[in-house]
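Here's the structure, in structure tokens; my notes come after.
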Amino acid sequence: MKTSIWNLKRPFFWSLVLSGLSLVCLQLAVAMFRQGLRRPGFFLALAGMICLLAEVVLFVPVLARNALRSAGLSIRFRITQAGWIYIGLIFLIAVAAVNTGNNLLYIVLAFMISAIAVSGELSRILLSSLRVAVDYQDSIFAGEFTSYRLRLLNAKRWFPAFSVGVDGHLVNKTWLAAAGLAETKPKRLDAQALQARGVPCMRTVAYFPYLSPRGTDTQSFQVRFLHRGLYRIDAIEVLTAFPFGFFRKGRKIQAAGELVVFPELLEKGDFQSSLEHQLETIPILRKGLGAELFALREYIPGEDVRHIHWKASARVGRYLVKEYSTETLQSYVLVLDEGYPGNLDEVRVRYERAISFLATLAMELYQRGKSVRVVPSHSRPPEAGARCDLPSVLEDLALSYLRPVEDAPNAHPLNSAPFETWLSEEAPGSLILCSFRSPAMFFRLAPHLDGYLDLNQI
């Protein structure tokens with residue numbers, strides 16, 4: 120949205136009007152005092168100072184922000200309680216200087232106004248060339264306590280930094296995408312609004328009293344992430360009230376660092392029977408070229424007669440052919456259906472439970488020497504040689520979220536041509552469908568399935 124030129128000029132216009140009125144009133148007040156009309160002179164001087172104060176409070180901050188925006192500096196500021204008192208003192212001294220004509224009061228007034236200018240320039244220099252980075256631990260699971268470090272670097276060569284605060288929010292990007300807010304770019308992060316929409320958001324506040332030139336300081340935080348997903352610091356801001364504390368100025372900067380919080384692992388006592396049932400239903404044999412008998416089927420003319428099972432054929436009165444199995448499967452592919460039927464709020468709790476169950480199931484399979492891979496329905500099929508280690512599986516589960524899908528089978532991503540091509544070209548292992556829907560809906564996937572995990576039963 121483009122800003123109107125009139126909107127940019129309006130504060131400047133009214134600032135000129137108030138400056139002119141203030142100047143006229145003060146000049147008339149001086150003339151009244153010289154003629155001995157003290158009462159009218161006092162009210163004219165008061166009116167002039169009110170115009171001047173209104174200009175300083177209402178329009179000078181807007182003009183300063185516009186100037187900073189035009190210069191490409193994203194610095195914003197607010198007046199502190201001490202600053203309001205200081206401005207009030209300026210107003211009183213200005214009134215006294217006009218009424219008395221004392222040059223000393225004019226000198227004090229000039230010194231107090233110049234202190235504001237010096238404060239603004241010092242804080243601008245102090246906030247420049249500051250860098251923030253966040254370091255996290257590896258293998259962070261939801262529900263567990265962990266720690267992360269916030270590093271502040273002063274990249275200035277000669278000038279130190281004093282009294283710098285850091286204020287930012289760790290936002291769960293996975294839940295942000297699930298809430299449909301991934302593409303929004305608010306001017307200022309409203310953490311309460313995000314939390315009201317179900318997006319996990321954690322505030323990070325740190326204070327650094329002193330940083331030497333090209334120096335670095337670090338602070339550690341103990342936190343507990345309650346939700347899985349990708350966390351990243353957004354809208355991080357460095358703040359300072361240096362040197363006098365009259366104005367608190369801040370500048371938004373980009374922070375390096377993000378982390379993936381793995382799904383919460385379930386206690387075995389909570390799902391032991393369900394886990395054992397799923398492990399028992401996962402097939403360990405599959406049709407192939409191994410040595411162990413897999414099944415019998417009717418003979419097709421032209422096949423090798425050495426594969427005919429003569430005893431079974433004589434028993435049933437028709438030719439039966441032996442099919443052999445591969446060796447014991449050591450690889451499993453969990454195809455995760457991210458589409459949800461019905462109301463999102465009702466399904467979300469069950470889906471989070473299912474994600475935790477799948478993460479625990481993957482851990483259990485890896486401990487038994489099996490290889491596991493997770494294929495979310497709304498991602499591209501994995502390429503040959505893609506990672507299938509435990510951290511990548513947990514990361515895929517952590518970044519998964521529910522998405523609306525039409526009821527028509529042809530509209531579902533699992534019935535798309537890329538998935539059919541992937542299934543026909545590769546032998547990924549034992550294929551297990553994890554879904555709220557029936558396997559019959561996935562007509563391209565169904566012929567290749569070796570198992571089905573009903574997420575409604577978890």
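If you read the sequence shown in the numbering used here, its first letter stands for residue 120, the second for the next number, and so on. The C-beta atom is built at its ideal place from N, Cα and C for all residues, glycine as well. These numbers come from a predicted model, not from an experiment.
- Along the stretch 161–230, the beta strand (DSSP E) occurs as fully enclosed runs of 3 or more residues at 194–198, listed in sequence order.
- DSSP lists no bridge partner for Ser-498.
- Around the Cβ of Ala-229, a 10 Å sphere holds fewer than 16 other Cβ atoms; the residue is exposed.
- In the structure shown, Glu-356 falls within a strand segment according to DSSP collapsed to helix, strand and coil.
- In chain order, Leu-521 place their CB closer than 6 Å to the CB of Tyr-470, counting only its own chain and leaving out the 5 sequence neighbours on each side.
- Excluding five sequence positions before and after Phe-264, the CB atoms of its chain that fall closer than 8 Å to its own CB belong to Gln-341, Val-342, Arg-343, given in chain order.
- Classified as exposed, Ser-258 has fewer than 16 neighbouring CB atoms from the shown chains inside 10 Å of its CB.
- In the DSSP assignment, Glu-377 falls within the beta strand (DSSP E) that extends over 377–381.
- Taking a contact to require three or more Cβ pairs closer than 8 Å, the stretch 361–368 and the stretch 232–246 qualify as touching.
- Look at Lys-489 here: in three-state DSSP terms it is coil, with no helix or strand label.
- Taking each of Glu-465, Leu-455, Ser-475 in turn and checking the Cα distance to Leu-568, the smallest one comes out for Leu-455.
- Relative to Trp-203, the option among Thr-293, Phe-366, Ile-226, Ser-141 whose CA is nearest is Phe-366.
- Exposure of Arg-333 is indicated by the presence of fewer than 16 other C-beta atoms within 10 angstroms of its C-beta.
- Counting along the chain, the unbroken alpha helix (DSSP H) around Ser-432 starts and ends at 429–435.
- In the three-state DSSP reduction, Lys-292 falls in the helix class (H, G or I).
- Nearest in C-alpha terms to Leu-484, of all of Ser-450, Val-466, Ala-473, Ser-496, is Ser-450.
- In the three-state scheme derived from DSSP, where H, G and I count as helix and E and B as strand, Pro-566 is classed as helix.
- Setting aside the 5 residues that flank it on each side, Ala-478 is surrounded in the same chain by Phe-381, Pro-382, Leu-384, Leu-513, Leu-516, each with a C-beta closer than 7 Å to its C-beta; the list follows chain order.
- Proximity to Leu-142 across Leu-295, Ala-164, Ile-551 peaks at Ala-164, based on C-alpha coordinates.
- Around the beta-carbon of Thr-293, 16 or more other beta-carbon atoms lie within 10 Å, marking it buried.
- For Val-512, the enclosing alpha helix (DSSP H) begins and ends at 509–517.
- Taking C-beta atoms under 8 Å as the contact rule, Arg-347 and Ala-261 qualify, at a distance of about 5 Å.
- Under the three-state reduction of DSSP, Ala-481 is assigned to helix.
- The three-state secondary structure of Phe-132, taken from DSSP, is helix.
- Ranking Glu-417, Ala-481, Lys-430, Leu-574 by CA distance to the CA of Arg-467 puts Leu-574 first.
- Put simply, the backbone Cα of Ala-325 is about 27 Å away from that of Pro-180.
- In this structure, the beta-carbon distance from Val-283 to Leu-271 falls below 8 Å.
- It is roughly 56 Å from the alpha-carbon of Ile-232 to the alpha-carbon of Ser-519.
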